[in-house]
Structure formats: C-alpha cells, structure tokens
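K.L.:
The sequence shown maps to residues 1 to 235 in the UniProt record's numbering.
Sharing a structure below in structure tokens format, with a few things to ask.
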Amino acid sequence: SDNMPLPRRRSSFLGQQPSTSTAESSGPPGRRVSVGGGGSLSRPPGVYVGTVPTGGVSSLGTRVSRRALGISSVFLQGLRSSAAAVPLAPGLDKGRGLSYESLNGCLVEYIEKVRALEQVNQELEEHIRVYLDKKAASVSSWGALRENWEAIYHQVGEAVLENARLMLHTENIQACAEDFKDRYENEQPFRKAVEDEINSLYKVIDDANLTKMDLESQIESMKEELALLSKNHEE
1 SDNMPLPRRR SSFLGQQPST STAESSGPPG RRVSVGGGGS LSRPPGVYVG TVPTGGVSSL
61 GTRVSRRALG ISSVFLQGLR SSAAAVPLAP GLDKGRGLSY ESLNGCLVEY IEKVRALEQV
121 NQELEEHIRV YLDKKAASVS SWGALRENWE AIYHQVGEAV LENARLMLHT ENIQACAEDF
181 KDRYENEQPF RKAVEDEINS LYKVIDDANL TKMDLESQIE SMKEELALLS KNHEE
C-alpha cells in the first residue's frame with residue numbers, strides 16, 4: 001500500500017516469507033519521509049527528500065541528483081515493463097509459483113513507492129524553481145541598492161574628511177592659544193617693571209610739583225620785597 005514503509009525483501013524460491021526486521025536491520029540506516037496521506041518512506045543516507053524550507057539557500061536541506069533521477073527513471077521503466085505476472089514454466093511446483101507471485105507483489109509495491117518519490121521530487125523541483133525565481137528578482141533589485149549604498153558611502157567619506165579638517169583647525173587654534181598664553185606669561189615681568197617705573201615717575205612728578213610751589217612762593221615773596229624796596233627808594 002501507499003501508506004506503508006518500503007522494506008527490503010528477499011524472496012525465496014522455496015516459498016519462505018521474507019523477514020522484514022532482518023532486511024531492515026541488514027540495510028544501511030536511512031531516514032523516513034512522509035508521502036501521501038501520512039505514510040513514511042525509508043530512504044538511504046545521501047538522498048534528501050522532503051519539503052523545501054523557506055529560509056534560504058543555507059537552510060535548503062534538499063538535494064536531488066539528476067543522474068540518480070535518470071537512473072531511477074530507466075529502472076522504473078524496466079520495472080513497469082516487468083510488472084506483469086511472470087509466466088511460470090511448465091513443470092514448476094505450486095510453491096515456486098507462490099514465490100513468483102510474492103516477488104511480483106513486491107515489485108508492484110516498489111513501483112508505487114517510486115511513483116510517490118517521483119511526485120515528491122517534482123514538488124521539490126517546483127519549490128526550487130520558485131525560490132530561484134525569487135532570488136533572481138532580488139538580484140535584479142541590487143542595482144538601486146548599490147547606487148544608494150555608493151551615495152551613502154560617498155557622504156560618509158565626505159563627513160570623515162570634514163571631521164578631519166575640523167579636528168586639524170581645532171588643533172591649530174589650541175596651538176595658537178597656547179602660544180599667546182606663553183607670550184602673556186613671558187610679558188608679565190616686563191609689565192611689572194614698567195608699572196614700577198611709572199610709580200617712581202609719579203613720585204618724581206609729585207616732588208617737582210612741591211618744588212614748583214615752593215619756588216612760586218619764593219617768587220611772590222621776592223616780588224613783595226622788590227616792591228617794598230622800590231617804595232623806600234622813592235621816598
């Protein structure tokens with residue numbers, strides 16, 4: 001049936017039933033995928049069958065080998081051609097005929113499973129085609145994004161250059177300020193010396209004013225004395 005896992009069977013010409021557990025344990029470990037209405041199929045490692053995830057290429061866990069599909073198609077055609085009942089040669093016993101019928105049943109069941117796998121592979125190819133179309137559309141829109149990125153990159157470069165110019169101008173201003181500060185500190189002793197000299201000149205001016213006032217008083221007294229002498233001389 002379509003909902004049963006496909007075991008590996010070994011048909012005996014003596015009419016013995018194959019051991020499912022022994023066949024499954026003797027084969028290599030495989031994975032199972034759901035097919036149809038909820039059944040599962042066993043598959044060997046290295047062949048990935050399932051639903052394509054929508055995350056991206058990195059999360060795509062499905063790989064279908066075209067070479068493997070081609071081989072399976074050829075093998076499937078051979079199985080379909082041999083799916084009919086194998087005519088028994090005259091003279092064979094009834095047990096051997098039952099064994100051939102069991103083998104034919106296994107082949108028919110295997111053909112059904114292969115058809116289910118082909119349907120799953122077609123779905124996977126459709127998912128991959130849709131994803132590649134979406135990826136191609138996203139790649140076509142990269143031109144506008146690249147232009148925007150280049151414009152932003154140019155603006156960032158200009159901003160970096162302007163910042164460097166501002167930093168250089170600031171450093172020059174700081175150097176000039178430090179130079180003026182050094183010159184101011186160096187001029188302080190000269191300023192103090194000039195102020196002391198000016199103060200001493202103020203004292204000289206005060207002394208000169210006092211001398212002037214004294215001389216003026218002496219001139220006045222001498223004028224009075226001269227006037228008195230002139231009066232006495234006239235008398």
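Yeah, the Cβ is synthetic: ideal placement off N, Cα and C, and Gly gets one too.
Please read these numbers as outputs of a predicted model, since none were measured by experiment.
Three-state secondary structure (DSSP) at E216?
P.N.:
Position 216 of the sequence shown, counted from the start, is the residue given in the question as residue 216. Reduced to three states, the DSSP call for E216 is helix.
K.L.:
Could you tell me the alpha carbon to alpha carbon distance between F180 and L145, rounded to whole angstroms?
P.N.:
Reading the sequence shown from its first residue, position 180 is the one you call residue 180. Reading the sequence shown from its first residue, position 145 is the one you call residue 145. Their backbone Cα atoms lie some 52 Å apart in a straight line.
K.L.:
Taking all protein chains shown into account, decide if A116 is buried (16 or more other Cβ within 10 angstroms of its Cβ) or exposed.
P.N.:
As a working mapping, residue 116 is identified with position 116 in the sequence shown. Looking at its Cβ environment, which holds 16 or more other Cβ atoms inside 10 Å, A116 is buried.
K.L.:
Helix, strand or coil, according to DSSP, for E171 in the structure here?
P.N.:
Stepping through the sequence shown from its first residue, residue 171 is reached at position 171. E171 falls in the helix class under three-state DSSP.
K.L.:
Within its chain, find whatever has a CB closer than 6 Å to the CB of L215; leave out the 5 residues flanking it on each side and keep chain order.
P.N.:
As a first step, residue 215 is located in the sequence shown; it is residue number 215 there, counting from the start. None.
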